[in-house]
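Here is the structure we will look at, set down as structure tokens.
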Amino acid sequence: MEFDISMPKCWRRETKGHKFCPGCGHGLVLKALGLAIDELQIQDRVVFGCDIGCSLLAYDFFNVDTMQTHHGRTTPVITGIKRARPDRIGIAYMGDGGGYAIGSQHLVNAAARNERITAILVNNTVYGMTGGQMAPTTLPGMKTETSPYGREISQTGYPTQGPEMVAAITREGAYVARGTVGKLSQLKNMIKKALETQIAGTGFSFVEALSTCPTNWSTNAKDTWSFLEDEMTKYFKVGELKVPAKEE
Amino acid sequence: MDLKSNSYTIEGEKAYFTLFPTLCKGCGLCMEKCPVKVIEWSDKLGVYGTPAVQVKEDSKCTGCKICELVCPDCAITITPKRKAK
Numbered sequence: 000m001e002f003d004i005s006m007p008k009c010w011r012r013e014t015k016g017h018k019f020c021p022g023c024g025h026g027l028v029l030k031a032l033g034l035a036i037d038e039l040q041i042q043d044r045v046v047f048g049c050d051i052g053c054s055l056l057a058y059d060f061f062n063v064d065t066m067q068t069h070h071g072r073t074t075p076v077i078t079g080i081k082r083a084r085p086d087r088i089g090i091a092y093m094g095d096g097g098g099y100a101i102g103s104q105h106l107v108n109a110a111a112r113n114e115r116i117t118a119i120l121v122n123n124t125v126y127g128m129t130g131g132q133m134a135p136t137t138l139p140g141m142k143t144e145t146s147p148y149g150r151e152i153s154q155t156g157y158p159t160q161g162p163e164m165v166a167a168i169t170r171e172g173a174y175v176a177r178g179t180v181g182k183l184s185q186l187k188n189m190i191k192k193a194l195e196t197q198i199a200g201t202g203f204s205f206v207e208a209l210s211t212c213p214t215n216w217s218t219n220a221k222d223t224w225s226f227l228e229d230e231m232t233k234y235f236k237v238g239e240l241k242v243p244a245k246e247e
Numbered sequence: 000m001d002l003k004s005n006s007y008t009i010e011g012e013k014a015y016f017t018l019f020p021t022l023c024k025g026c027g028l029c030m031e032k033c034p035v036k037v038i039e040w041s042d043k044l045g046v047y048g049t050p051a052v053q054v055k056e057d058s059k060c061t062g063c064k065i066c067e068l069v070c071p072d073c074a075i076t077i078t079p080k081r082k083a084k
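If you're matching them up, the sequences are chains A and B in order. Each residue of the first sequence is one higher than the last, beginning at 0 in numbering that gives the first Met the number 0. Each residue of the second sequence is one higher than the last, beginning at 0 in numbering that gives the first Met the number 0.
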């Protein structure tokens with residue numbers, strides 16, 4: 000008997016296996032996104048933009064129109080495409096470095112303007128591609144390449160809580176949520192709701208996905224899951240922060 | 000390269016477990032998430048030369064598909080027997 004690969008339909012098969020490290024959460028976030036695109040049947044309308052960092056390795060991931068930009072600029076580029084072609088569905092895909100550090104002004108202003116796009120941000124608490132340096136989302140006391148004694152809160156401040164920030168500055172009609180790759184079905188439903196918010200045109204939609212980085216955390220599979228599900232979710236609370244009001 | 004080359008299927012009591020070594024990177028996330036702990040390292044090698052995974056023989060695999068869902072590389076396919084017929 001022949002068994003087929005269980006892969007989302009919109010994934011581009013000829014580029015698999017993908018370029019992410021073993022155990023990387025990007026594959027899972029992109030699987031959730033792929034399943035959401037399949038369920039909504041919007042593959043022919045999606046424009047996918049990826050950022051610099053590990054997220055750029057998704058440039059050939061889907062069978063959809065894709066572009067790659069630098070340093071958080073994926074948000075304004077997708078905004079421009081959405082304004083020029085309102086019938087398209089724009090997805091800005093970035094990491095925590097691109098979204099919260101070097102390109103945070105783009106995320107903040109797109110959210111404040113309530114742009115009709117979907118932003119998906121992958122939070123793995125480190126800069127993955129450059130070798131595991133401290134990121135805005137690094138947990139207090141967490142050891143990284145540039146914080147070898149653990150992150151010192153008195154010097155570097157507290158980790159960025161992106162969805163809380165975006166929820167505070169967006170208007171009614173926006174969708175803001177934080178999911179985790181440990182609960183993939185929930186994450187898929189969040190991304191699906193975010194895309195539905197964009198299709199309905201009520202406002203900005205933002206999903207942060209807590210993700211894994213075994214390479215830079217230097218963890219085995221067991222510790223990878225426990226760091227994601229026990230340590231990270233203590234500081235980054237999973238759930239929906241802002242949901243558009245249902246039409247009567 | 001054909002993604003399905005060298006794939007192997009293990010028949011369990013309730014489901015077929017199929018692994019595609021061209022996709023498996025040997026991260027082990029599936030082993031930890033398996034609720035009945037029936038996934039183990041295989042003698043076959045994955046795409047990076049690390050061990051791939053398999054289900055234990057005469058296993059109690061329930062066909063819950065959690066390993067299929069948490070595999071970042073889509074290297075596992077679970078086919079419940081009632082569907083395969």
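Even glycine gets a Cβ: it sits at the ideal position worked out from N, Cα and C.
According to DSSP, is residue i part of a helix, a strand, or is it coil?
| i | result |
| --- | --- |
| residue 133 of chain A | strand |
| residue 63 of chain A | coil |
| residue 241 of chain A | strand |
| residue 275 of chain A | A query on residue 275 of chain A cannot be resolved here, the shown segment of chain A reaching from 0 to 247 and no further. |
| residue 161 of chain A | helix |
| residue 93 of chain A | strand |
| residue 77 of chain B | strand |
| residue 72 of chain B | coil |
| residue 42 of chain B | strand |
| residue 225 of chain A | helix |
| residue 107 of chain A | helix |
| residue 51 of chain A | coil |
| residue 50 of chain B | strand |
| residue 77 of chain A | helix |
| residue 7 of chain B | strand |
| residue 232 of chain A | helix |
| residue 195 of chain A | helix |
Within 7 Å: the Cβ of residue i and any heavy atom of the ligand PLP?
| i | result |
| --- | --- |
| residue 125 of chain A | Questions concerning the ligand PLP fall outside what the structure shown contains, since it holds no ligand whatsoever. |
Starting from the beta carbon of residue i, find every residue of chain B whose beta carbon is closer than 8 Å, and list them in chain order.
| i | result |
| --- | --- |
| residue 24 of chain A | 71 |
| residue 224 of chain A | 28, 31, 32 |
| residue 115 of chain A | Going along chain B, no residue has its Cβ under 8 Å from residue 115 of chain A, so there is no contact; the nearest lies around 30 Å. |
| residue 213 of chain A | 26 |
Among the options, which residue has its Cα nearest to the Cα of residue i?
| i | options | result |
| --- | --- | --- |
| residue 197 of chain A | A:77, A:226, A:128 | A:77 |
| residue 68 of chain A | A:84, A:39, A:37, A:105 | A:105 |
| residue 35 of chain B | B:8, B:26, B:54, B:10 | B:54 |
| residue 45 of chain A | A:118, A:137, A:110 | A:118 |
| residue 224 of chain A | A:123, A:73, A:154, A:128 | A:123 |
| residue 238 of chain A | A:154, A:176, A:114, A:55 | A:176 |
| residue 245 of chain A | A:113, A:103, A:174 | A:174 |
| residue 114 of chain A | A:204, A:240, A:219, A:21 | A:204 |
| residue 24 of chain B | B:76, B:56, B:50 | B:50 |
| residue 54 of chain A | A:235, A:212, A:222 | A:212 |
| residue 145 of chain A | A:153, A:160, A:157, A:129 | A:129 |
| residue 121 of chain A | A:208, A:49, A:151 | A:208 |
| residue 62 of chain A | A:84, A:75, A:36 | A:36 |
| residue 132 of chain A | A:100, A:220, A:72 | A:100 |
| residue 71 of chain B | B:3, B:81, B:38, B:29 | B:29 |
| residue 21 of chain A | A:180, A:220, A:75 | A:220 |
| residue 42 of chain B | B:12, B:1, B:81, B:5 | B:5 |
| residue 56 of chain B | B:2, B:3, B:9 | B:9 |
| residue 50 of chain A | A:193, A:243, A:75 | A:75 |
Taking residue i as the query, report the chain B residues whose CB atoms sit under 9 Å from its CB, ordered along the chain.
| i | result |
| --- | --- |
| residue 323 of chain A | Nothing about residue 323 of chain A can be read from this structure; chain A reaches only from 0 to 247. |
| residue 15 of chain A | 2, 21, 22, 72, 73 |
| residue 12 of chain A | 2 |
Residues of chain A with a CB under 8 Å from the CB of residue i: which are they?
| i | result |
| --- | --- |
| residue 67 of chain B | 5 |
| residue 76 of chain B | 2, 3, 4, 5 |
At a CB-CB cut-off below 7 Å, which residues of chain B make contact with residue i?
| i | result |
| --- | --- |
| residue 220 of chain A | 26, 27, 28, 30, 31 |
Interface residues of chain A around residue i at Cβ under 9 Å?
| i | result |
| --- | --- |
| residue 80 of chain B | What residue 80 of chain B touches in chain A: nothing, since even the nearest Cβ is about 11 Å away. |
Determine which residues of the segment 6–23 of chain B have a Cβ less than 7 Å from any Cβ of chain A, and write them out in chain order. Residues of the segment 6–23 of chain B with a C-beta atom less than 7 Å from some C-beta of chain A are 8, 15, 17, 19, 21, 22, listed in chain order.
Note down, in chain order, all residues in the segment 181–192 of chain A with a beta-carbon under 7 Å from any beta-carbon belonging to chain B. Flagged, chain order: 183.
Of all the residues that make up the segment 31–54 of chain B, which are near chain A by a beta-carbon distance shorter than 8 Å? Answer set for the segment 31–54 of chain B: 31, 32, 46, 47, 49.
Just list the beta strand (DSSP E) runs in the segment 138–193 of chain A, keeping only unbroken ones of 3 residues or longer that don't cross its boundaries, in chain order. Entirely contained in the segment 138–193 of chain A, the beta strand (DSSP E) runs reaching 3 residues are, in chain order, 174–179.
Against chain B, which members of the segment 27–47 of chain A pass a CB distance test of less than 8 Å? Listed by position along the chain: 27, 30.
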